[in-house]
Amino acid sequence: MMTSCMVGPNFSTPEARIQGKWKKYDGISDRPPVDIDRSWWKQFHDSRLDSLIDTAYRNNPSLQAAGTRILGARAELNQSVGNLFPQKQDLILQGRGNVASDPNSIWTPSGLNENYLSTQALVSVSWEIDFWGKYRRQIQSDRAGYLATIAAYDSILVTLVADVASTYVNIRTLQARLAVNRANIAQQKKSVEVAVARRTAGRVGDLDVEQAKAQLATTEAEGPSIQTALQRAIDSLAVLLGETPVETERRVGSSGSIPTPPSNLAAGVPADLLRRRPDVRQAGLEAASRSARIGVEFAKILPSFSLNGTFGYTGGSENVSFSNFFNWQQAAANSAGSLVVPIFNYGRLVNQVRVADASFQEGLLNYQHAVLNAQREVQDALADYVNSSRRVAQLQAAVKAASSAVEIANLQYELGTADYARVLTAQSQRLAAEDALAQAKGQYANSLIAAYRAMGGGWELRNEAGVISPATRAQMASRTNWGNLLEINQHLPPDAASAPTPGAATQPAR
């Protein structure tokens, strides 16, 4: 009975609404997403992006902070395990002696030596028996909480990897837009020169020249706003990498192509999310932790049983000296049991159970919401991925047509068969199409990143170098004796095996 009796509900994973398959799209397959298991970003074949993600994993302060929370949760779990053993253990060393100032005093009875030393060495132990499972439920709660901190770390890592990749894509997109802007400025400067030459020749008036200059100035004015956005993106990436913007700017370089996604994506099935997404795993584990807390609080209402004991040695000597302090002469021991029944608590304990139950119910609802939200995010990302690919193809055709229109308009203008307004229109259309194409390519790459973020890809990186850096480990070891806990990565689950999966609702213990 001492090992099997535990009050409170036994947790089983709550039911969740899961659709059978994703909406059908061309280029999206339901085969298992094996590319998620490790380094999905390497599908871009961009060595610079690979290096940036590795740097962020090792240096990002927020990720390191999440790693220290895992250490704290592990220490709390170890503390709870210790409660299964005697909760109070005291070593008592006591000595009492007296040295008479005058052995011949009338106050000293005849034949009695007033010089004496009395010593005791006792161990006092108090052990509350875990009859109702209060401490075992606490261990369950802390273990689920510990695993939840690992899931939280994984969730931060998934977000970090996706944020680095997305920010890098944004930088390359802005650099491409800046290149488009500069190329159009160069082309429009030539158009101004043509208009000036035609005016000098008396073939056109001032209107064509001023229109050409106005369009050139408008195009030049777009450059500074793009440069500002580019600098902000570099600064944001620097924070993710845990370094200064100057260092990041050197890493990224002044130019580069926008990463190109693969034409097909393996999305698996919706049920995979329950095993892969760290936030879903975290929500389920937090619900499990709250479930165990109900048993902890309920056990406080019931009587508690404790065993108390003292054992050790006592001794005495008429010769008062330090060497005689450890002269034990006889063993001493006593034991007792106690029963504590909480009676007058004025509803405090009952209401603590109610608070724990409400918290658990909240955890169940949070888990169900996490599952629904995960499906929404994946479905949105898949739709964006497919439609972004179509948009890139359409804009490539638009750029090709707009470039041909500019060539035709310039030729007709030089021949005098078209006015300058037609040239202006053609140039504006080409600039808009080229700029839109650069943005669409960036959005296409970001849609793949969003899909892998939604499917929970990237957290496996933690299996490679641990959850805290060597520098953080050294700092903590210099302050506190952590034992082997700083080698925390050896104790982490290598995969998402602890993730909750669809099942029956929570049933009470019998």
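Numbers -11 to 498, taken from our numbering, label the letters of the sequence shown in order.
Where a beta carbon is used, it is the ideal one built from N, C-alpha and C, also for glycine.
- Between Ser311 and the rest of its own chain, which residues show a CB-CB distance below 7 Å, the 5 nearest in sequence each way excluded? With a pLDDT of 49 at Ser311, under the threshold of 50, the modelled position of that residue is not reliable, and the figure given next carries that caveat. Nothing meets the Cβ criterion.
- Query: If you draw a straight line from the alpha carbon of Pro249 to that of Thr147, how long is it in whole angstroms?
  - Reply: 19 Å
- Message: Assuming contact is defined by CB atoms lying nearer than 8 Å, are Leu412 and Gln199 in contact in what I supplied?
- Response: yes
- Task: Determine which residues share a DSSP beta bridge with Gly430 and list them.
- Result: Paired residue(s): none; Gly430 is not in a bridge.
- Skipping 5 residues on each side, what residues in its chain have a beta carbon closer than 8 Å to that of Gly121? Cys(-7), Met(-6), Val(-5), Gly(-4), Gly283, Ala287
- Item | Met(-11) (DSSP reduced to helix, strand or coil) | In this prediction, Met(-11) scores a pLDDT of 40, lower than 50, which makes its location untrustworthy; no coordinate-derived value is stated.
- Query: For Asn296, which of helix, strand or coil comes out of DSSP?
  - Reply: Three-state DSSP puts Asn296 in a strand.
- Query: To which residues of the same chain is Ile437 closer than 6 Å at the C-beta, ignoring the five residues directly before and after it?
  - Reply: Ala150, Ala153, Ser154
- Message: Does Gly193 come out as helix, strand or coil in the three-state DSSP assignment?
- Response: coil
- Query: Would you say the segment 420 to 440 touches the segment 369 to 387, given that touching needs at least three Cβ pairs under 8 Å?
  - Reply: yes
- What is the rounded straight-line gap between the Cα of Val337 and the Cα of Pro291? Here residue 337 turns out to be Leu, not Val, going by the sequence shown. Distance between the alpha carbons of Leu337 and Pro291 is about 12 Å.
- Message: Need the endpoints of the alpha helix (DSSP H) that Met464 sits in, please.
- Response: 458 to 467
- Task: Identify every residue that forms a DSSP beta bridge with Glu116.
- Result: In the DSSP output, where bridge partners are listed per residue, Glu116 has Ser294.
- Starting from the Cα of Ala226, find the closest Cα among Ala465, Pro49, Ala420 and give me that residue. Pro49
- Give the single residue among Leu261, Asn469, Glu475, Arg238 whose Cα lies nearest to the Cα of Arg450. Glu475
- Query: Whole alpha helix (DSSP H) runs in the segment 204 to 270 with 4 or more residues, listed along the chain?
  - Reply: Complete alpha helix (DSSP H) runs here, min 4: 233 to 240, 260 to 264.
- Query: Beta carbon of Ile16, beta carbon of Leu370: below 8 Å?
  - Reply: yes
- Indicate whether Ile6 and Val359 have their beta-carbon atoms separated by less than 8 Å. Yes, these two residues count as a Cβ contact at 8 Å.
- Looking at C-alpha atoms only, which residue of Ser35, Ser179, Ile117, Ala4 is the closest neighbour of Ser326? Ranking Ser35, Ser179, Ile117, Ala4 by Cα distance to Ser326 puts Ile117 first.
- Query: Which same chain residues, not among the five before or five after Trp470, have their C-beta less than 7 Å away from its C-beta?
  - Reply: So the list reads Met464, once near-sequence residues are dropped.
- Within 8 Å, strictly: CB atoms of Tyr134 and Ala61: A contact, by the Cβ cut-off of 8 Å.
- Rounded C-beta distance between Ala280 and Arg125? I'm assuming under 8 Å. 5 Å
- With distances taken from CA atoms, which of Pro458, Arg378, Ser392, Glu402 is nearest Tyr13? If we check each option's Cα against that of Tyr13, Arg378 comes out closest.
- Query: How close, in whole Å, do the beta carbons of Trp10 and Pro258 come, if the pair is a contact with beta carbons under 8 Å?
  - Reply: Indeed, because the Cβ distance is near 7 Å, the residues count as touching under 8 Å.
- Query: Thinking C-alpha only, which one of Ala397, Ala393, Ala44 is nearest Ala421?
  - Reply: Ala393
- Outcome for Glu181 when other beta-carbon atoms lying within 10 angstroms are tallied against a minimum of 16: Classification for Glu181: exposed.
- Could you give the C-beta distance for Ala139 and Gln270, rounded to a whole number, given that I count them as a contact under 8 Å? About 4 Å separates the beta carbon of Ala139 from that of Gln270, a gap short enough to meet the 8 Å contact definition.
- Query: Can you give the Cα-Cα distance for Leu218 and Leu162, rounded to whole angstroms?
  - Reply: Straight-line Cα distance between these residues: approximately 6 Å.
- Task: Identify whether Ala393 lies in helix, strand or coil by the three-state DSSP scheme.
- Result: helix
- Message: Do Arg26 and Ala254 have their beta-carbon atoms positioned less than 8 Å apart in this structure?
- Response: no
- Task: Below 8 Å CB to CB, which residues in the same chain sit around Val192 once its five sequence neighbours on both sides are set aside?
- Result: Ala183, Arg186, Tyr408
- Message: Pop quiz: Arg418 and Ala390 are said to be a contact at Cβ under 8 Å. What is the actual Cβ separation, rounded to whole angstroms?
- Response: 4 Å
- Message: Check this for me: beta carbons of Arg165 and Ile214, under 8 Å apart or not?
- Response: yes
- Message: From the DSSP secondary-structure annotation, give me the bridge partner or partners of Ser35.
- Response: Listed as beta-bridge partners of Ser35 by DSSP are no residues whatsoever.
- Task: Return helix, strand or coil for Val499, following the three-state DSSP convention.
- Result: Beyond the ends of the chain as shown, which are -11 and 498, falls residue 499; an answer cannot be given.
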